[in-house]
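Counting from 944, one number per residue, gives the positions in the sequence shown under the numbering used here. Quick reminder that beta carbons are idealized off the backbone N, C-alpha and C, glycines included. Since the structure is predicted, the reported quantities are computational estimates derived from the model, not experimental observations. Worksheet for the structure shown next.
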Amino acid sequence: NVVKHASAQTVTIRLETTNETVTLTIQDNGKGFTMPAPALERAEIGMPRRLGLAIMRERAEAHGGLVHLVTSPGGGTLVEAVLPLCREAAGRGIP
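And the structure:
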């Protein structure tokens, strides 16, 4: 997505682990975008949803994780996915 959409000059990819989680962070200095309202993301009002964002969240949540996204037009994008490394961590929730 960074190559296809962001027009970024710099991309930073970081993978970190703790005893309970793995965190993948991708940050770029590209053109960013306006976050869709939740209704738009779920295509509840007849507009196409942003499949990439919805699928990332659905996949992370299916494994007890979460996805955090920060972006703004002209401000680049930060995507952070946090996943538990074991079922016990998933049951306690991720900080």
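Proximity winner among the options, relative to residue i (alpha-carbon distances)
i, options, result
"Gly1007", "Ala949, Glu963, Ser950", "Glu963"
"Glu1004", "Leu1026, Leu1012, Gly1019, Val1022", "Leu1026"
"Pro1024", "Leu958, Gly975, Thr1014, Ser950", "Before going on, a small fix: residue 1024 reads as Ala here, not Pro. It is Leu958."
Separation of residue j from residue i, as counted between CA atoms
i, j, result
"Pro1016", "Thr977", "6 angstroms"
"Cys1029", "Leu1009", "15 angstroms"
"Leu996", "Gly973", "17 angstroms"
"Gly1019", "Arg1000", "19 angstroms"
"Leu967", "Arg1002", "14 angstroms"
Short Cβ contact (8 angstroms threshold) for residue i with residue j
i, j, result
"Ile969", "Val954", "yes"
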